[in-house]
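Enquirer: Numbering of the sequence shown is given in the working numbering, commencing with residue 14 and proceeding in unit increments.
Glycine is no exception: its CB is placed at the ideal position from the N, C-alpha and C atoms.
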Amino acid sequence: MKAKDIPLLHEALVALSPHFLTFYSAFEDGFQQGKGFFEKIPAPCEPHLHADIVRFTVKRWLNESGLEAWCEAEDLSNNGIQLALNKWFIRIRKSARGAVPSPGRSNRLKDLYQQVLSYDFDKHFLLLLWHATPGGDFKGLSLVYPASANTERFRVDIPHPADAAHEKSIYTYQTSFDESGNVEDLGDLEIEPLNGEEDNSEAESQ
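1) DSSP three-state call for P114: helix, strand or coil?
2) Exposed or buried, what is K72 when buried is set at 16 or more other beta-carbons lying within 10 Å of its beta-carbon?
3) Here's the rule I'm using: 16 or more other beta-carbon atoms within 10 Å means buried, otherwise exposed. How should P159 be labelled?
4) May I have the straight-line CA-CA distance separating L34 from A28, to the nearest angstrom?
5) Between R166, E165 and H144, which has its C-alpha nearest F40's C-alpha?
6) Please return the same chain residues whose Cβ sits closer than 6 Å to the Cβ of L21, not counting the five positions on each side in sequence.
7) With DSSP collapsed to three states, give me the class of Q46.
8) Which class does D176 belong to by DSSP, given the choice of helix, strand or coil?
9) Is it the case that the Cβ atoms of V67 and G49 are separated by a distance below 8 Å?
10) So, for D135: in the same chain, excluding its five sequence neighbours on each side, which residues have a beta-carbon less than 7 Å away from its beta-carbon?
11) Using 10 angstroms around the beta-carbon of V129, count the other beta-carbons present and answer buried if the total reaches 16, otherwise exposed.
In structure tokens:
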């Protein structure tokens with residue numbers, strides 16, 4: 014991550030951190046509902062149906078928590094849940110084996126990945142990625158600021174709010190900069206370097 018992107022990362026984390034517990038609670042419930050469905054049948058976990066159950070549950074959780082979430086009608090399905098928080102326009106998507114999922118044939122997603130928000134030039138587009146194993150186990154959340162389909166300005170793994178080891182990093186974003194604007198501390202967040210060479214050819218459009 015380039016130094017010039019750190020203030021933007023800090024601003025995003027400050028804005029979204031009050032909702033991290035809601036995000037994690039929603040996904041934990043979604044994964045429980047998904048696994049419970051296949052255990053009740055019983056049948057092996059089918060990833061696409063499992064992902065649909067997770068999305069349905071998460072969308073309901075967010076709406077009941079006062080965060081208005083919606084799904085955009087497009088020609089392609091599974092393009093994710095949308096959420097707007099102040100200056101941040103967020104698309105919640107399933108990661109493609111840990112990578113940012115390809116925008117596929119969606120022109121709308123291609124524009125968003127390039128930060129083209131034609132209706133509001135003051136907003137920034139973020140991806141909230143959720144990670145899962147093939148067997149349907151939840152592996153956490155990441156926040157990504159894409160610059161294109163293959164490049165990222167920053168990516169940060171979001172620690173679970175209930176994890177005491179990460180409590181400082183969740184609740185002290187406001188103190189991550191001193192009065193002169195210099196970086197003091199970003200806690201235990203795992204910040205990944207910019208990688209413009211990542212191959213998303215196998216990414217799922219979810």
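Expert: The relevant details are as follows:
1) coil
2) buried
3) buried
4) 13 Å
5) H144
6) none
7) helix
8) coil
9) no
10) K100
11) exposed
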